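Numbering (my numbering), first residue to last: 2 to 86.
This is the structure:
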C-alpha cells in the first residue's frame, strides 16, 4: 500500500491541449501520464503540431553555436592544454 496517494488533477488544465506520444493523438486535459505528454498548448492546432515544433527547435539548437561547443574545451581559452585528467 502506498504511503501517499497522488490525486489526479483533471480540473486545472482541462482547457489546455496536449499531444500524447503513446497514442499519437491530441488530447484535451490531463488524460495520459505526464511521461507520455507534450504540452500544454493553448489550442488544439498547436498541440497537433507538437512533433514538428519539437523537430524545428531541435534543429535550431543543433545549429546554435552555444549548444555545439566541445564539452572538453568549455570555459578554457584556445590552445589551453586540459592536462592528463
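All C-beta atoms in this analysis are idealised placements derived from N, C-alpha and C, irrespective of residue type, glycine included.
Note that the structure is a prediction, hence the values are computed from the model and not measured.
Short Cβ contact (8 Å threshold) for residue i with residue j
i	j	result
residue 52	residue 37	no
residue 18	residue 25	no
List in chain order: all unbroken alpha helix (DSSP H) runs of 4+ residues lying wholly within the stretch 24-75.
-> Runs of the alpha helix (DSSP H) inside the stretch 24-75: 45-49 and 51-64.
Any contact of the stretch 40-48 with the stretch 57-71, i.e. 3+ C-beta pairs under 8 Å?
-> Counting C-beta pairs closer than 8 Å gives fewer than three between the stretch 40-48 and the stretch 57-71, which falls short of the contact rule.
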